[in-house]
Every structure is written in C-alpha cells, then in structure tokens.
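**Q**
Protein chains: 2
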Amino acid sequence: MAQYYSRRNLNFLLYEVFNATELTHYPYYSAHDRETFDMTIDAVTQIGDTIMFPHFRDLDRNQPELKNGKVTVHPKVGEYLKAMGDAGLIGTGFSFEDGGQQLPEIVNSILGFILMAANNGMMYTGLTSGAARLIASFASEELKQTYVEKMLGGKWQGTMALTEPQAGSSLSDITTSATPQADGSYRIKGQKVFISAGDHDQCENIIHLMLARIDGAPKGTKGISLFIVPKYRLDGTENDVTSTGIYHKLGQRGVPAMHLTMGDRDDCHGWLVGEPHRGLNYMFQMMNEARIGVGMTGVAIASAAYGASLQYAKERPQSRRLNEKSALDSPQIPIIQHPDVKRMLLLQKAIVEGSLSLLMETARCTDIAHASEDPEEKEKYHLMLELLTPVAKTYPTEMGMVAVSNGLQVLGGYGFTEDFPLEQLYRDIRITPIYEGTTGIQSQDLLGRKMTMKGGKPAQYLFGEVAKTIAEAENHETLKPYAQKLKAELARLQEVTMALMPFAMQGDIERFLMDATLYMEMFGISTVAWQWLKQAVVAQRTIVTQNPDGEELAFYEGKIHTMKFFFHYEVPKTLGLAVRLKDNEVLTIATEKEVIL
Amino acid sequence: MAQYYSRRNLNFLLYEVFNATELTHYPYYSAHDRETFDMTIDAVTQIGDTIMFPHFRDLDRNQPELKNGKVTVHPKVGEYLKAMGDAGLIGTGFSFEDGGQQLPEIVNSILGFILMAANNGMMYTGLTSGAARLIASFASEELKQTYVEKMLGGKWQGTMALTEPQAGSSLSDITTSATPQADGSYRIKGQKVFISAGDHDQCENIIHLMLARIDGAPKGTKGISLFIVPKYRLDGTENDVTSTGIYHKLGQRGVPAMHLTMGDRDDCHGWLVGEPHRGLNYMFQMMNEARIGVGMTGVAIASAAYGASLQYAKERPQSRRLNEKSALDSPQIPIIQHPDVKRMLLLQKAIVEGSLSLLMETARCTDIAHASEDPEEKEKYHLMLELLTPVAKTYPTEMGMVAVSNGLQVLGGYGFTEDFPLEQLYRDIRITPIYEGTTGIQSQDLLGRKMTMKGGKPAQYLFGEVAKTIAEAENHETLKPYAQKLKAELARLQEVTMALMPFAMQGDIERFLMDATLYMEMFGISTVAWQWLKQAVVAQRTIVTQNPDGEELAFYEGKIHTMKFFFHYEVPKTLGLAVRLKDNEVLTIATEKEVIL
Numbered sequence: 002m003a004q005y006y007s008r009r010n011l012n013f014l015l016y017e018v019f020n021a022t023e024l025t026h027y028p029y030y031s032a033h034d035r036e037t038f039d040m041t042i043d044a045v046t047q048i049g050d051t052i053m054f055p056h057f058r059d060l061d062r063n064q065p066e067l068k069n070g071k072v073t074v075h076p077k078v079g080e081y082l083k084a085m086g087d088a089g090l091i092g093t094g095f096s097f098e099d100g101g102q103q104l105p106e107i108v109n110s111i112l113g114f115i116l117m118a119a120n121n122g123m124m125y126t127g128l129t130s131g132a133a134r135l136i137a138s139f140a141s142e143e144l145k146q147t148y149v150e151k152m153l154g155g156k157w158q159g160t161m162a163l164t165e166p167q168a169g170s171s172l173s174d175i176t177t178s179a180t181p182q183a184d185g186s187y188r189i190k191g192q193k194v195f196i197s198a199g200d201h202d203q204c205e206n207i208i209h210l211m212l213a214r215i216d217g218a219p220k221g222t223k224g225i226s227l228f229i230v231p232k233y234r235l236d237g238t239e240n241d242v243t244s245t246g247i248y249h250k251l252g253q254r255g256v257p258a259m260h261l262t263m264g265d266r267d268d269c270h271g272w273l274v275g276e277p278h279r280g281l282n283y284m285f286q287m288m289n290e291a292r293i294g295v296g297m298t299g300v301a302i303a304s305a306a307y308g309a310s311l312q313y314a315k316e317r318p319q320s321r322r323l324n325e326k327s328a329l330d331s332p333q334i335p336i337i338q339h340p341d342v343k344r345m346l347l348l349q350k351a352i353v354e355g356s357l358s359l360l361m362e363t364a365r366c367t368d369i370a371h372a373s374e375d376p377e378e379k380e381k382y383h384l385m386l387e388l389l390t391p392v393a394k395t396y397p398t399e400m401g402m403v404a405v406s407n408g409l410q411v412l413g414g415y416g417f418t419e420d421f422p423l424e425q426l427y428r429d430i431r432i433t434p435i436y437e438g439t440t441g442i443q444s445q446d447l448l449g450r451k452m453t454m455k456g457g458k459p460a461q462y463l464f465g466e467v468a469k470t471i472a473e474a475e476n477h478e479t480l481k482p483y484a485q486k487l488k489a490e491l492a493r494l495q496e497v498t499m500a501l502m503p504f505a506m507q508g509d510i511e512r513f514l515m516d517a518t519l520y521m522e523m524f525g526i527s528t529v530a531w532q533w534l535k536q537a538v539v540a541q542r543t544i545v546t547q548n549p550d551g552e553e554l555a556f557y558e559g560k561i562h563t564m565k566f567f568f569h570y571e572v573p574k575t576l577g578l579a580v581r582l583k584d585n586e587v588l589t590i591a592t593e594k595e596v597i598l
Numbered sequence: 002m003a004q005y006y007s008r009r010n011l012n013f014l015l016y017e018v019f020n021a022t023e024l025t026h027y028p029y030y031s032a033h034d035r036e037t038f039d040m041t042i043d044a045v046t047q048i049g050d051t052i053m054f055p056h057f058r059d060l061d062r063n064q065p066e067l068k069n070g071k072v073t074v075h076p077k078v079g080e081y082l083k084a085m086g087d088a089g090l091i092g093t094g095f096s097f098e099d100g101g102q103q104l105p106e107i108v109n110s111i112l113g114f115i116l117m118a119a120n121n122g123m124m125y126t127g128l129t130s131g132a133a134r135l136i137a138s139f140a141s142e143e144l145k146q147t148y149v150e151k152m153l154g155g156k157w158q159g160t161m162a163l164t165e166p167q168a169g170s171s172l173s174d175i176t177t178s179a180t181p182q183a184d185g186s187y188r189i190k191g192q193k194v195f196i197s198a199g200d201h202d203q204c205e206n207i208i209h210l211m212l213a214r215i216d217g218a219p220k221g222t223k224g225i226s227l228f229i230v231p232k233y234r235l236d237g238t239e240n241d242v243t244s245t246g247i248y249h250k251l252g253q254r255g256v257p258a259m260h261l262t263m264g265d266r267d268d269c270h271g272w273l274v275g276e277p278h279r280g281l282n283y284m285f286q287m288m289n290e291a292r293i294g295v296g297m298t299g300v301a302i303a304s305a306a307y308g309a310s311l312q313y314a315k316e317r318p319q320s321r322r323l324n325e326k327s328a329l330d331s332p333q334i335p336i337i338q339h340p341d342v343k344r345m346l347l348l349q350k351a352i353v354e355g356s357l358s359l360l361m362e363t364a365r366c367t368d369i370a371h372a373s374e375d376p377e378e379k380e381k382y383h384l385m386l387e388l389l390t391p392v393a394k395t396y397p398t399e400m401g402m403v404a405v406s407n408g409l410q411v412l413g414g415y416g417f418t419e420d421f422p423l424e425q426l427y428r429d430i431r432i433t434p435i436y437e438g439t440t441g442i443q444s445q446d447l448l449g450r451k452m453t454m455k456g457g458k459p460a461q462y463l464f465g466e467v468a469k470t471i472a473e474a475e476n477h478e479t480l481k482p483y484a485q486k487l488k489a490e491l492a493r494l495q496e497v498t499m500a501l502m503p504f505a506m507q508g509d510i511e512r513f514l515m516d517a518t519l520y521m522e523m524f525g526i527s528t529v530a531w532q533w534l535k536q537a538v539v540a541q542r543t544i545v546t547q548n549p550d551g552e553e554l555a556f557y558e559g560k561i562h563t564m565k566f567f568f569h570y571e572v573p574k575t576l577g578l579a580v581r582l583k584d585n586e587v588l589t590i591a592t593e594k595e596v597i598l
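Residue numbers (the working numbering), protein chains in the order written: chain C, 2 to 598; chain S, 2 to 598.
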C-alpha cells in the first residue's frame, strides 16, 4: 500500500523545525504536550487508514445523486462523520469552552492534511467546523447553544453558502434577501450555487452559514449580513431550502456541490449571526483559516500522489541506465534510477514538503497571534499571518497541481488509467486554486492589500524572519551558498516590489495589479525557498550534533538534498519573473481599441 | 456555439506565413492549388461541425465497453468512419498511386488538427492512416492490394500495436513472438497493452500493425519485426486475437484502449511487413508523422479550450474594473476586461497559435524533404524535420496542458463542472505528453540524438532559418526590439548547448541528458518565439503594404500583440532554465548512497 503521507516528515516539521510543543508555554495551549498532539494525530491517522483511504476510489465512482429533491451520498460518509464526531475530532481547534480540544492551529491544520491526503472526497468535517466556528465566534449565546454541539458531534452538517449565480469572485453583488420578522428571525429568498455538502442523507440536518442582504441594506460589501439557515427547523419542519440542482464535477466527487433555492414558498427562516451588515467581516475573520485549509487540501492531494508515484517508481522495471543502454542481457532497472524520473520525484518532494512547511509556518502565526499576551508579538504574528495566508493558499494548490501532474507522468500510460489513483488525484486537485478565492483573487490580495498594509510592516516582519534563517544557515559551511542565494532572492523580490509600488501610489490599481499572479508566483518561490533552508538548517545541525545513522541519517541527508534541488531547479524561475514584473510593456489592460482574441 | 478553431488564423498560417501553394511547384504536389486545399479543409470542417463537435461530450459520457469479448463504441463513430471513408479523407496524405490525394503534409496535418479540435475522442482515422501508411510504404504488393483500400475506405480499422506490459518506453524489451510457417505466414503469441481502437464494433475488421520477434532473432531493437495481424482473416475466420481487457481512462474516452492477447489457441496468424528484423526501422520512418499528429492533437484540444473560454470571458459579467471598484451602481463588466483574465486568454492564444505555427513549419519540412529533387535542399529539410519533430511533439502537448488549465481557470467554479467542456478537455489532453514517446523520451531524442546528429548540421540549418526571420524583422521599426531579443535567445541556447556537449564527448550520456527535459523546454520556447516573430513580420508587412481596416486590421494587430505577449511573458523563462542547465550540481543521477525519497 502506498503511503499517503509521511509521519516521519510530519514529526520533523512539527517538533524539530517548528517546535510545536513550545506553544504549550502560552496559557491558552498549556493543557497540551507532545503526547496529546501525538494521540490526536494517531486517532486521525487511524480513521484515515481504515475509513478513508481504502474508499478513495469508491467515493469517486459512486457520486452523490439528487433524486426527487433528496441527495444521497456514499454511506461511508456517515461512518466517517460518526467516527469523527464520536472521537471529538471535528472541533479540535475550538476552545474547551466551545466544546473543542483547544489545539493549536499548527496541529489542527495538520489533522486536515492527514484526512485530505487519505481521501479528499470526504471534506465534510472541514466545512462543518468552519461553519460552527462562525457561530461560536459571532452568534448569540442561544444560537451557539442550539447549534455548535450537534455540529461538532457530526450529527449536523455545516456549509458556507456565499456564492450566487451572478456573484462568485464579486461577493459585493450578492442579492439573496432577508426580510425581518416580528419574532426576530428573517425570511430568506434567493439562490446559492456551488454549496459543498449543501445537502446529503448521511446527517440529521444541514446548517447553512449564508450571506444575504437585509431589506434596505446599503449596496456592496457593507450591506451583507450573515445568517444561520437550517434545512430543518428545530421543530423538525422543513425550512423551504430546495435542492434545485447538483453539479457534476471533474473531481472531489465524493462531496455534492449543490444549487440551492431559498424561499420558493416564502417560508425559509434564517437567524442573524451577530450584527446586521457585518456578515462579510465575520466571514473574512474566518477566511485565513479556510484558506489555510484549502492550501492543506492541495498539499494533501499532492502528498498522496507523491506516495503513489514513489512506490511505482521503486517497483516498475523499465529500460537500462543511459550509460549502459546496450547491456541488453542485464535486467531492466527500477525507473527511480532514471534521472528524469528521479527529477520528477524530487520535484514532488520539494513541492509537498516545502508547501507543508509553509502552511505550518502560517498556522503557527495564527497560534501566536491568538495566544500571545504581548501586544507587540501579537501584532507581529497577526500581520505575518495576513501576509502569508494568500501565499499559503496559492503555492500549495498551484504547485500541487504541477506535482500531481508529474506524479502521473512518472507512471506513463498507466498514470492515465483508472487502475492507479493518479488520474483521480489529478482531477481532485484542480478545484483547489479556484475555491475560497481563485489564484487571481489571492494574488491581488497579496500585492494589493497585504504588501501595502500598515506601510509594509507585514513584509518587514516576514523578511526579518527570513534573515534569521539566513544567519543560521551561514553557520554551516555546506549551507552557506544557499544562504547567499536566498539573500539574493530577497533582494530581487524587494526590487520588484519597489518597481511596482509607484503605480499604487499614483492610484493606478489596475496597472499595479496587472501581473499580480506572476508576483504571487515569485513570492511563493522565495517563501518556500526560505522554508527549505530552514529545514536544511535543522537537518544539518542534527547530523552534526546527534550523529544519526542508517535511515535517520538518510532522512536528514534527503532533506538537504531536496533543499538543494529546490534552489537549483525551482528558484532560478524568479529570474524570468523579475524581468517581466519590472518590464513596462502593458499588454493586458483593456483599451478602447481592442485587439482580436 | 464556441469556435473550436479559427479558420482566419488557419488561412493566415497556411497561405500568408507558409505560402503552402508554393509547394505545388514541386512536381509531386503539382495537381494541387489553393482551391483543392480549401475544398478539403471545407469538407473536413463540415464533418467536424456536424458529426463530431456536437457529440463531444456524448462520446465521453458513453464510454466503450467490453462485454463477452466484444467491444462496443458510440454509434457516431461508425457514422464518422463512413463519412471520412466515403469522402476519401482518411488517406489524404497518401500518394495517388496508393489511393490517396497526395496532399502535402502541411495541409494533411491541418486536417487532423481540425478533426481533433472538433472531437478528439474520434481519433480512429488517424490510427488507420498511420497503420495503412506502414503497409503502403513497406509491405509486399500483395499485402498492399489486400489491405490499403479497405482501410482508407473506413471499413477496416488500423492500429499501432507496439507496447507490452513490460515494454513501454523500452521497446527493445518486446517479447511477443512470431514463428514462421510453411505457407510464409507466422504464428503470433504475446500480449499488447494500450492499443487504441484495438477492437470495436463500428468497422468490419481491425488490422494491427504489430511488433514481434521472429524465433531466434537477435536481442534488442535489431531483432524486432513488423507484422500485419488482422482480427479476422481474409476467409472471415477469427484470428485468435482476444480482447482481454479495456482500460478505463482519464480522458479520450471515446476511443477504447485495449489489452490484447494473441495466440491463446496457438492460431493467431501474422504476415511479415518488409524484411525480418527491420520492424523498428519501419516504425521510426513513420514516427515523425505520428509525433506531429500527437502535437496536433495537443494544440487541437488547446484550441477548443481557448474557443470555449474566450466565449465565456466575453459573455460572463463579474465585478468591475480595478480602478473603479467602488462604482457599485455601474453594471458588472465582462471578465475579459480584467487584466488577469486577459492574460490567461493571451497565454492560450500565444500557445495555440504559436504551436500550430511550429507544427506547420515541421510539416513543411516533411513536404520539401519528400518532394524536392535537389539533394542539398532535400537533406536540409530532412535534417530540420528530424530536429523539429521532438519539439513539435512536446511543446504543443506540454504547453497545451498549461493552456487548457488556464482556460478552465477563466471559468472559475464553472470550469470545474461538467456543464462546460473545459473539464473534459483538461482530461483529454493529459495523455498527449505520454503516448508516442513521453516528454522525457522526446527530450533525450532532441538533445541526445538530433543535436549531435551529423556534427550538429540540423541545428545549423535551423538556426540559419531563424536568422532569416530575425533579418526580416529588423526591417520593421516596431519589430526590431523583438528581433534583438530572439537573437539573444539563440545565443543563450547555443551557450547552453556548448556547456553540455563535453559530457557527450566524454561518453557520460547520463550526465549529458540528465536535464534534457529542461533543455527541451528552453528549446521549445525559443522555437515558438521564432514562429511568433515570423507571424509578426507577415502581419506588420501586410498592415504597411495592404492597409487593411476593421476586423482585418484588428486581426493583424492581434498577431503583433500576441507576439509581444509571448516575448514579454514566456521568453524570460529561458533565463532560469539556462542557469540550471549550465549549473554543475548533480542531484538526479543514481548514486551508491541513495537519499531517502
């Protein structure tokens, strides 16, 4: 059986690179230690091994169906929800007060990584926890009491109901309406599309966290409110939420994406979460977590693909070494020994383990920003979190697609068949650079908002951290050249940023952000290069101080080797990106006289 | 209805850039003129519009099935084969003598482009024509008389039966055996996998062109012979070819990929094509054409995706211009007006029209090499064909995948659903960098064989042609900067090549070819940059000399605009590639002490 994730690597990142146990010095996380972290990881891996991974293909082959207004999904989903709910694993990131385990996000998000690597078609619990978190954070005590426990218990499914047919990336154009009633509730009318897990038969109720406009609300994003809209009201009556359609999708087929219609019979009740018109604010406070979640899904799928292609490459004999082509009497060699195959495997390892490291770095910022009692530290990590989030959503998903495609290529013609999981992983991962804000939207967020926030403070903090890693790497003779390279990357990135800022100052936002996606690509490469150098420093230090041997030595040497791979194969891409980003030729901004496309 | 290909662009390339009618000055093509070219293109487009494009999804949704040893495919396949056969469109590239239309390959390959853009799941005729071409070129007169006409008439399906379970990229390891019989035929025994159209119910017979070893043949590639192995023998009896399995695939689901077993009852008859042990030679003489065909499939799929995403981008309103974000009272704008979407569309156009141009350039080399009576000219174009073929197979398929993925991204969440064709195109194109030799194999062919062939003569010829385009571009003020850029690219490519050659001379082939895939990427970008400059020269000259207006002017300006896009966004990638390729760090060659992956 191929490995869907490497526990050794996870332990390395969690305990050796990010010292997650240090977080337990903060009072908020003080109930935890390595043992509680490991126990939770064990529990989730157990569910992954038994209920999820073995049914990876089966969920894809037996898609959800909408018949007579009812949605049926694979029965394993029910088993999964029960196991997760019973073990208290849906709300691991919630506070004790809200019925959770108060785990730091660096551990909590890793649990999502394991689950999604095992079977990303079972993304139900992530949606529930996101929805419940909105209720726990912003709703009245009464609503919290009513909903959170059932949701974290796996009995009630949560959803995020934002998108409408005419309002996808442009949430300001939402038109679903909410009319106030005498009893304090609202009547909801409108349509929502692409609602993941928006209806299914493996739970007792569906709780939509839905954006809508209260009658007479201001236009745009400042007039959007957040509502709880259940499928069944508390008295058990149906709440006039109709499953109008089900999308048939390229991937992630285990979970239904629904088209929902509210208020066909003018009887759809909704309950306001928090204050009117603050719905998008609430959403955005949860957004960092949701985006880290999608980044985790990207790297998780890439991790499963890496595991499967690595196993294949070790077992599949084909051809002979290039320097021994004519030795026809000798047996064929495993393809992992061909440089081009080794390159595709190293590329996958570099993307998977580099992305995971970046996501854990970002999650750690969440934790310190949340738990720290020092206002300066709190602000620093909060701003770094803001800056890193769009990158942590984008690099693992965009480059995750590249990794999976390389994994498929390793298998040649077999990779294209349904006999191996690669073709499904290739389909599944394609949604990740789209949902929770496309790569284009993330890139505008990075350059347009996060780089200009507070006079550039977030970037200053981040580059300060990178500089620390560079200084550490300079202590090791073998790492010095890479420290120099990273320093040069940082300078290049700053040069590019400086070249773009004048457009922002002139208020020409369109010109400023015209190539934001390329800026994102460059920023992502530099950030992951930093993560690789960070890992290499720990590996090198461990080799020197602890003198490991056998598989352990090979593990640490593999880390340094992959760091080198990243710097020699991936980092040079920034040369071309910088040239383009500093170049003044404008080719994509709409002009009066359009060229024919 | 979205456009699956642009006829205006096709005419531009065929008649304005490549002056295809000039080929009719060669005696071999002298029966043709623009009218016969256009008539054939019209006829094929008619079939594309009526029988193929409307059933694009249907073929995918109703996959071939193997039941009780019989394979059923979509009935439209039969209609398609009949239409193509009746109109004489399967053997358009064959000589009059062999029952074809003796069309130059530059036109013939374009027909494949149109067909595959309309519906790449109907790839049946390309396979038949490839198989029939082998018979026409190398088999005895008797075998020719028996098979070719029926095949070109669409009644008998042809296949290329090379791959075996243990021999994919490594054809030297083929084990299917052929035992000579008293009557001159052979008994075939073995297994073949991934045989496209290897069995189906919409034709009267299946004719396999099969590689096998005659008993006692030498090991390796020098002991492989080519056989005709029909499903039914001429007397109508079954020929002991069993459909053992059918592969379920990620894409191109309209055509079955078969696992075949020959000789289960020791009664599988085969007839030798040409001489014993020369099978792989024969195959390779047809390989250039087959590889151009796969390149065409790649660009065809990308063309359909570009058409679909362009239409969507013009029609879908979403958000407002970045400089007018707060104008909430103004309507949403079509997304084509957003720079990031425009960038994704221009990238697709640059890849599609640049790749098509490269493929036509390559096909033109075939034509001159074939038709010329001047030995020097013949050699020149033959060597250029040899060099360009792996690039023309790889760039359009690898970058075609990038183009289709960008097309899908343009549609956001909708691109991920089965309501639009992007998801299918995304699946379909994934096989193209795999079959007919993977990208890794093509890259080794380019650097390892073609660049070192005859002391580098092919590259000298090619660079000579590029220099001509540069000189022409220098005559136009607006194109001068791009002429300079291309000159620099050529120098960079030569520098990289020089840095690698010493390894070849030392006989360290593994080191020489270690990063051949990156060399291919660089070579492809430079070659397509040349094609874009070539197109821009024609466009600029036409604007100056013919003073077009309206849509015509916009068309030519669009060409120059896209050329600029290619040079500003794609060409800078070679900077990073060159750094890597000249770098001496070896990270992918197998060593005694392996790192842990």
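Backbone N, C-alpha and C define an ideal beta-carbon position, used for all residues, glycine too.
Sorted by chain position, which residues of the same chain lie with C-beta nearer than 6 angstroms to Thr543(S)'s C-beta, five sequence neighbours on each side aside?
**A** As a first step, residue 543(S) must be located in the second sequence, where it is residue number 542. For Thr543(S), where only same-chain residues beyond five positions count, the Cβ hits under 6 angstroms are Tyr557.
**Q** Do Ile48(C) and the ligand GDP come close, with the Cβ less than 7 angstroms from some heavy atom?
**A** With respect to the ligand GDP, the structure shown offers nothing to examine, as it has no ligands at all.
**Q** Taking Cβ-Cβ distances shorter than 8 angstroms, what residues in chain C pair up with Gly221(S)?
**A** To locate residue 221(S), count along the second sequence from 1; it is residue 220. Going along chain C in sequence order, the residues near Gly221(S) (Cβ under 8 angstroms) are Ser327, Leu329.
**Q** What residues from chain S crowd round Ile590(C), counting only those whose CB sits closer than 8 angstroms?
**A** Taking the first residue of the first sequence as 1, we reach residue 590(C) at position 589. Pro340, Lys343, listed in chain order.
**Q** Using a Cβ cut-off of 8 angstroms (strictly closer), state whether Asp265(S) contacts chain C.
**A** As a working note, residue 265(S) is residue 264 in the second sequence. Not an interface residue.
**Q** With 16 as the cutoff for other CB atoms within 10 Å, does Ser358(S) come out buried or exposed?
**A** As a working note, residue 358(S) is residue 357 in the second sequence. Its Cβ being crowded by 16 or more others within 10 Å, Ser358(S) is buried.
**Q** Tell me the rounded alpha-carbon separation between Ala370(C) and Lys381(C).
**A** Here residue 370(C) refers to the residue found at position 369 when the first sequence is read from its first residue. Here residue 381(C) refers to the residue found at position 380 when the first sequence is read from its first residue. Looking at the two C-alpha atoms, the distance is approximately 8 angstroms.
**Q** Please report whether the beta-carbon of Phe72(S) lies at a distance below 8 angstroms from any beta-carbon of chain C.
**A** On the second sequence, residue 72(S) is found 71 positions in, with the first residue counted as 1. Position check: residue 72(S) holds Val in this sequence, whereas Phe was assumed. Chain C contact via Cβ: absent.
**Q** Report yes if the C-beta distance between Val529(S) and Leu491(S) is below 8 angstroms; otherwise report no.
**A** For the purposes of this step, residue 529(S) is identified with residue 528 of the second sequence, where counting begins at 1. For the purposes of this step, residue 491(S) is identified with residue 490 of the second sequence, where counting begins at 1. Not a contact, by the Cβ cut-off of 8 angstroms.
**Q** Roughly how many whole angstroms lie between the Cα atoms of Thr129(C) and His383(C)?
**A** If you number the first sequence from 1, residue 129(C) lands on position 128. If you number the first sequence from 1, residue 383(C) lands on position 382. Those two C-alpha atoms are separated by around 25 angstroms.
**Q** Starting from His209(S), follow its DSSP beta bridges and name the residues at the other end.
**A** The residue you call residue 209(S) lines up with position 208 of the second sequence. Looking at the DSSP assignment, His209(S) forms a beta bridge with Thr160(S), Val230(S).
**Q** Determine the chain C residues that contact Pro434(S) at a beta-carbon separation under 8 angstroms, and present them in chain order.
**A** Position 433 of the second sequence, counting from 1, holds the residue named residue 434(S). Chain C residues near Pro434(S): Gln410.
**Q** What residues in its chain sit with their C-beta under 6 angstroms from that of Ile668(C), if we drop five residues either side in the sequence?
**A** Shown here, chain C extends from 2 to 598; a query on residue 668(C) therefore has no answer.
**Q** Which of the three DSSP states is assigned to Lys190(S) in this structure?
**A** Taking the first residue of the second sequence as 1, we reach residue 190(S) at position 189. Strand at Lys190(S).
**Q** Could you check which residue in Leu323(S), Leu346(S), Gly221(S), Gly191(S) has the C-alpha nearest to that of Leu311(S)?
**A** Counting from one through the second sequence, the residue named residue 311(S) turns up at place 310. The option with the nearest alpha carbon to Leu311(S) is Leu346(S).
**Q** Where does the unbroken alpha helix (DSSP H) through Thr243(C) begin, and where does it stop?
**A** Residue 243(C) sits at position 242 when you count from the first residue of the first sequence. Premise fails: Thr243(C) lies in the beta strand (DSSP E), 242-248, not in any alpha helix (DSSP H).
**Q** Output the boundary residues of the beta strand (DSSP E) element that contains Glu515(C).
**A** For this step, residue 515(C) is matched to residue 514 along the first sequence. Just to set this straight, residue 515(C) is Met in the shown sequence, not Glu. Neither: Met515(C) is in no beta strand (DSSP E) and is coded neither H nor E.
**Q** Given Ala21(S), which residues of its chain have a CB within under 6 angstroms of its CB, disregarding the five upstream and five downstream residues?
**A** Reading the second sequence from its first residue, position 20 is the one you call residue 21(S). Excluding sequence neighbours, Ala21(S) sits near Leu15, Ile107.
**Q** Can you list the residues of chain S that Lys574(C) reaches, using a CB-CB cut of under 8 angstroms?
**A** Indexing the first sequence from 1 puts residue 574(C) at position 573. Going along chain S in sequence order, the residues near Lys574(C) (Cβ under 8 angstroms) are Lys574, Gly577.
**Q** Measuring alpha carbon to alpha carbon, tell me which residue in Leu67(C), Asn109(C), Tyr27(C) is nearest Asp39(C).
**A** The sequence position of residue 39(C) within the first sequence is 38, counting from 1. Selected option, being the one with the closest Cα: Asn109(C).
**Q** Quick check: Phe285(S) and Val392(S), are their CB atoms within less than 8 angstroms of each other?
**A** Here residue 285(S) corresponds to residue number 284 of the second sequence, with the count starting at 1. Here residue 392(S) corresponds to residue number 391 of the second sequence, with the count starting at 1. No, these two residues do not count as a Cβ contact at 8 angstroms.
**Q** Helix, strand or coil for Ile225(S) per DSSP?
**A** Position 224 of the second sequence holds residue 225(S). Three-state DSSP puts Ile225(S) in coil, outside helix and strand.
**Q** Check the Cβ-Cβ distances between Asp584(S) and every residue of chain C, and say whether any is below 8 angstroms.
**A** Here residue 584(S) refers to the residue found at position 583 when the second sequence is read from its first residue. Yes, Asp584(S) lies at the interface with chain C (some Cβ there is under 8 angstroms from its Cβ).
**Q** Might you give, ordered along the chain, the residues of its own chain that have their beta carbon closer than 6 angstroms to the beta carbon of Leu281(C), omitting 5 neighbours on each side?
**A** Position 280 of the first sequence, counted from the first residue, corresponds to residue 281(C). Cβ neighbours of Leu281(C) beyond the five flanking positions: Thr222, Ile225.
**Q** Going along chain C, which residues have a C-beta under 8 angstroms from His569(S)?
**A** Position 568 of the second sequence holds residue 569(S). Under the 8 angstroms cutoff, chain C gives Arg581, Asp584, Glu586, Leu588.
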